[in-house]
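Visitor:
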Amino acid sequence: MEKISNNMFLAGNNIYLRGLEEKDVDGNYSIWLNDPDITSFNSHGRFPMTKNKLKDYVNHTSGSHNMLVLAVIDKETETHIGNISLQGINWIDRNAEIAFLLGEKAYWGKGVMYEAGALILDHAFTVLNLHRIYCGTSSENIGMQKLALKLGMEQEGIRKEAIYKQGEYHDIIEYGLLSLNYKKQ
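According to this note's numbering, the sequence shown is numbered sequentially starting from 123.
(1) Return helix, strand or coil for LYS145, following the three-state DSSP convention.
(2) Measure the Cβ-Cβ separation of LEU142 and ALA221 and say whether it is below 7 Å.
(3) The alpha helix (DSSP H) with GLU210 in it runs from where to where?
(4) Would you kindly report the start and end of the unbroken beta strand (DSSP E) that includes ASP215?
(5) Should GLY225 and ARG254 be called a contact, given that it needs their Cβ atoms to be closer than 7 Å?
(6) Rounded to the nearest angstrom, how far is the Cβ of TYR229 from that of ILE203, given a contact under 8 Å?
(7) By alpha-carbon positions, which one of ALA246, ARG281, GLU262, ILE264 ends up nearest to LEU302?
(8) For ALA133, count neighbouring Cβ atoms within 10 angstroms of its own Cβ and tell me buried if that reaches 16, exposed if not.
(9) Does DSSP classify TYR297 as helix, strand or coil?
(10) Suppose you measure from the CA of ASN188 to the CA of ILE285; what does that come to, to the nearest Å?
(11) Measuring alpha carbon to alpha carbon, tell me which residue in THR199, LYS177, SER184, GLU144 is nearest ASN136.
(12) Please say whether MET235 and LEU269 have beta carbons closer to each other than 7 Å?
(13) Short of 8 Å in beta carbon distance, which residues of its chain neighbour HIS292, apart from the five on each side in sequence? Order them along the chain.
(14) How close, in whole Å, do the beta carbons of GLY239 and ILE295 come, if the pair is a contact with beta carbons under 8 Å?
(15) For the beta strand (DSSP E) containing VAL194, name the first residue and the last one.
(16) Go through its chain and collect everything with a Cβ distance to PHE131's Cβ below 8 Å, but skip five positions before and after it.
(17) The beta strand (DSSP E) that contains GLY258, what's its start and end?
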């Protein structure tokens, strides 16, 4: 199986996506993963993230056959503002999980991850020839729920009390999108 190119360049109107690079670790990346505001709805932030651990992660993902992690870059400022990824790519069943991390708070609520999501979904369905993309999010993460629906995903189910955070169990809402239902954004 061929290695996924992590140096790809997918361009949108306001952002572009490129492979993660070691230099990204020297920016705000590790700060994002240690900020409870940013990690409150995902699995990051449960343990402290050091720059060394993050460098190992970047190096691991760049050689992965089943994970594509891309930096989201603001075109105007050339700033690394977040990541978007296809994880657990299953080449036999042709599916993958999409994940989002918008680290720079100044970009929250501006449609950046919708643009990034549209770019990576198009790549997933038209270039990688995947059949299904899915994601799950905490029942409290209203922003991610709205984003999934805006990207054309459908709610597929709920995993009851699937995660434990801050002394409470929370449901995970599952979303999915099939290639035959995909409409280019």
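Glycine is no exception: its CB is placed at the ideal position from the N, C-alpha and C atoms. None of the values given here were measured: they were computed from a predicted structure.
Guide: Short version:
(1) Looking up residue 145 in the sequence shown gives position 23. Note: LYS145 maps to helix in three-state DSSP.
(2) Translated into positions along the sequence shown, residue 142 becomes position 20. Translated into positions along the sequence shown, residue 221 becomes position 99. Cβ distance not < 7 Å, so LEU142 and ALA221 don't count as in contact.
(3) Residue numbering aside, residue 210 sits at position 88 when the sequence shown is read from its first letter. Per the sequence shown, residue 210 should be read as Gly rather than Glu. Note, GLY210: premise wrong, no alpha helix (DSSP H); beta strand (DSSP E) at 201-212.
(4) On the sequence shown, residue 215 is found 93 positions in, with the first residue counted as 1. Taken as a continuous stretch (DSSP letters only), ASP215 belongs to no beta strand (DSSP E), as it is neither H nor E.
(5) Position 103 of the sequence shown, counted from the first residue, corresponds to residue 225. Position 132 of the sequence shown, counted from the first residue, corresponds to residue 254. In this structure, ARG254 does not lie closer than 7 Å to GLY225 by Cβ.
(6) Translated into the one-based positions of the sequence shown, residue 229 becomes position 107. Translated into the one-based positions of the sequence shown, residue 203 becomes position 81. Sure, about 5 Å apart at Cβ, within 8 Å.
(7) Counting from one through the sequence shown, the residue named residue 302 turns up at place 180. With distances taken between Cα atoms, LEU302 lies closest to ALA246.
(8) Mapped onto the sequence shown, residue 133 falls at position 11. With fewer than 16 Cβ atoms within 10 Å of its Cβ, ALA133 is classed as exposed.
(9) The residue given as residue 297 occupies position 175 in the sequence shown. Strand, per DSSP.
(10) Against the sequence shown, residue 188 aligns to sequence position 66. Against the sequence shown, residue 285 aligns to sequence position 163. If I take the Cα positions, the gap works out to 24 Å.
(11) In the sequence shown, counting from the first residue as 1, residue 136 sits at position 14. Distances from the alpha-carbon of ASN136 to those of THR199, LYS177, SER184, GLU144 put THR199 closest.
(12) For the purposes of this step, residue 269 is taken as the residue at position 147 of the sequence shown. For the purposes of this step, residue 235 is taken as the residue at position 113 of the sequence shown. Yes, these two residues count as a Cβ contact at 7 Å.
(13) As a working mapping, residue 292 is identified with position 170 in the sequence shown. Here the set comprises SER260, SER261, GLU262, GLU283, ALA284, ILE285, TYR286.
(14) Taking the sequence shown and counting its residues from 1, one reaches residue 239 at position 117. Taking the sequence shown and counting its residues from 1, one reaches residue 295 at position 173. The pair is not a contact, with the Cβ atoms about 16 Å apart (cut-off 8 Å).
(15) For the purposes of this step, residue 194 is taken as residue 72 along the sequence shown, with counting starting at 1. That run of the beta strand (DSSP E) goes 190-196.
(16) To locate residue 131, count along the sequence shown from 1; it is residue 9. Here the set comprises TYR138, LEU139, ARG140.
(17) Counting from 1 along the sequence shown, the entry for residue 258 is found at position 136. Per DSSP, GLY258 belongs to the beta strand (DSSP E) from 254-260.
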